[in-house]
Amino acid sequence: MTFLLSSDHFSALPSCISAIGFYQGSLSSLLCSCKSKQAHFTKQQFLLEKLWAPRVLPSSAPIFPFPPPHTDCVEAHRVCSADPPCKALHRGLELCAADAAVSPLGEQAASECLERRDALLAKHPSLWACKCQRGFRKEEQCLRIYWGVRLLPGDDELETSPYDDTLVDTRMASLLDGENQCLKAAQDCGLYEKCGSLRSEYVLACTKRVPGTNRCNQHKCHRALRRFLERVPEEYSLGVLFCPCTNTLCGERRRKTIVPSCSYQDMEGLQHNCLHQQSFCRREDVCRSRLADFLNNCQPSHLTASGCLKDSPGLCLRAYAGLIGTIMTPNYISNSSADVSLWCNCEGSGNQWQDCQRLQRLFTHNACLQAVMWLVSMQVTPLAGWGTPAPCLQTSPSLPLPDPPRWFRRTSC
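Structural data, given as structure tokens:
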């Protein structure tokens, strides 16, 4: 959810705050909508968070004070652990999370866990506002703490990302400004020792067969892919993954970069149900976090020129790449386009068929993601790309240029 405030947003802040509604002591969702679309404040920036996901009993505890600016969840947990009452409450909440992971909590158990959670956050609101860093040495520990106060997965909780994106890596500009052609990107990676060695590591992990079978170890393959993406600077790793192509040979090389026969597809060629795949993802902290990050940073919107709610192609591209190496790994679907998709279908979805289609379309018909992929394929800088004339590029007849997003003006060549 995004708060849209007018140009005098600071003076409008009190009126927006007064719009906050409370239901049995819980903060309801808030949307301050004004005509201007120029100032966007996310829930994190506005320091307002939903206190609980849907389908869970509402809390009866007092409203928490507005949390302080983002802190690291590991640090927030350390501060809590130094306070015996906070430590005891947090330990109780961990037991609630463990029970919820096994089976849905009953009405009484859910109520008790909510009271415990509310008491904890009333004393230490930083545990709700904290964030994590991708590729950080303690990332998994940090994510366990982040999700530990949220207990149960719900659709609305995926509106926010557990990752701190306040510091955007400007080195991504080299990927999006046309400097990294596919061959050059591969050569640059090979010349950079860490990139070359970690790329060889994931290729080996994704091609090696489990003894006595004709199958790869997908878990090891995914882990090696994540290591590559987390430890190699983005101008190298993302340059290899998203290099612009003008012919099918290049497109096929790009499609096979992540060894899709192991990391993307099922070894037997079977496609699982997308909702089942998402359900498994939500049970694992890293995958759950990367999916939340993607949904948050690649959320489409018709209110912005770029088609992205956050107007940040770099954040969306990074969030998309973060899914690679998880059960929700996406990939290019052919060697002749920049279209991407999950490896799953909606067969057997029953009355959840529309939900399944909606999940698929987040990759196949997402205006924000399509704009980002178009920028990469066209070698356009994200800052100069919005509303500027498209470049005149020469391409092979075998790989036609993709259609530009609606906001991009094309000049005559």
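Numbered by the UniProt record's numbering, the letters in the sequence shown go through residues 1 to 413 in order. Just so you know, even glycine gets a beta-carbon here, dropped at the ideal spot from N, CA and C. Since the structure is predicted, the reported quantities are computational estimates derived from the model, not experimental observations.
Spatial distance of residue i from residue j (CA atoms)
| i | j | result |
| --- | --- | --- |
| A100 | C142 | 19 Å |
| N273 | A110 | 29 Å |
| A371 | S337 | 13 Å |
| A185 | A119 | 52 Å |
| T364 | A88 | 46 Å |
| R358 | R254 | 27 Å |
| C250 | N296 | 31 Å |
| C356 | S341 | 13 Å |
| R226 | G135 | 8 Å |
| L191 | S334 | 28 Å |
| M373 | E268 | 29 Å |
| L317 | R288 | 17 Å |
| G196 | Y332 | 22 Å |
| K310 | F228 | 27 Å |
| T71 | A129 | 7 Å |
| G106 | L95 | 14 Å |
| Q360 | H302 | 19 Å |
| C162 | P244 | Position check: residue 162 holds Pro in this sequence, whereas Cys was assumed. Taking the straight line joining both Cα atoms gives about 30 Å. |
| K208 | G348 | 33 Å |
| L241 | E252 | 12 Å |
| L362 | D83 | 43 Å |
| L183 | D339 | 20 Å |
Local Cβ density within 10 Å of residue i, reported as buried at 16 or more and exposed below that
| i | result |
| --- | --- |
| T160 | buried |
| G350 | exposed |
| H77 | buried |
| P313 | buried |
| Q108 | exposed |
| N214 | exposed |
| V376 | buried |
| Q354 | exposed |
| V102 | exposed |
| G212 | exposed |
| P330 | buried |
| Y23 | Residue placement at Y23 is flagged as unreliable, the pLDDT there being 30, under the threshold of 50; the coordinate-derived value follows with that caveat. It is exposed - the Cβ of Y23 has fewer than 16 other Cβ atoms within 10 Å. |
Chain C within 7 Å of residue i, Cβ atoms only
| i | result |
| --- | --- |
| W374 | Any reference to chain C falls outside this structure, which holds one protein chain only. |
Other residues of its chain near residue i: CB distance less than 8 Å, five sequence neighbours each side excluded
| i | result |
| --- | --- |
| P85 | K123 |
| N366 | C298, P300 |
| L291 | L158, Q278, C281, R282, L323, T326, M328 |
| H90 | H77, C80, S81, L120, L127, G148 |
Same chain, Cβ closer than 7 Å to residue i, five either side skipped, listed in chain order
| i | result |
| --- | --- |
| V74 | K138, Q141, C142, I145 |
| V286 | E140, L143, T326 |
| Q265 | W343 |
| G92 | R116 |
| E230 | R134, G135 |
| L198 | R227, F228, R231, V232 |
| L121 | F64, L127, W128, V149 |
| Q271 | W343, C344, N345 |
| P104 | none |
| D169 | Low confidence applies to D169: its pLDDT is 48, below 50, so where it sits in the model is not reliable, and the reading given next is rough at best. Taken in chain order, the residues that qualify are E234. |
C-beta contact flag for residue i and residue j at 7 Å
| i | j | result |
| --- | --- | --- |
| D293 | A321 | no |
| G307 | C368 | yes |
| D164 | K194 | no |
| L114 | V149 | no |
| S263 | C189 | no |
| Q352 | L275 | yes |
Own chain, CB closer than 6 Å to residue i, minus 5 neighbours either side, in chain order
| i | result |
| --- | --- |
| V210 | N217 |
| residue 432 | Residue 432 is absent from the structure shown; the chain starts at 1 and stops at 413. |
| T304 | D311 |
| E112 | none |
Residue i beta carbon near the ligand GTP (any heavy atom closer than 6 Å)
| i | result |
| --- | --- |
| R134 | With respect to the ligand GTP, the structure shown offers nothing to examine, as it has no ligands at all. |
The segment 225–239 touching the segment 273–284, judged by at least three CB pairs closer than 8 Å: no
At least three beta-carbon pairs within less than 8 Å, the segment 193–207 to the segment 215–222: yes
Stretch-stretch touch, CB-based, cutoff 8 Å, three pairs: the segment 256–272 with the segment 324–341: yes
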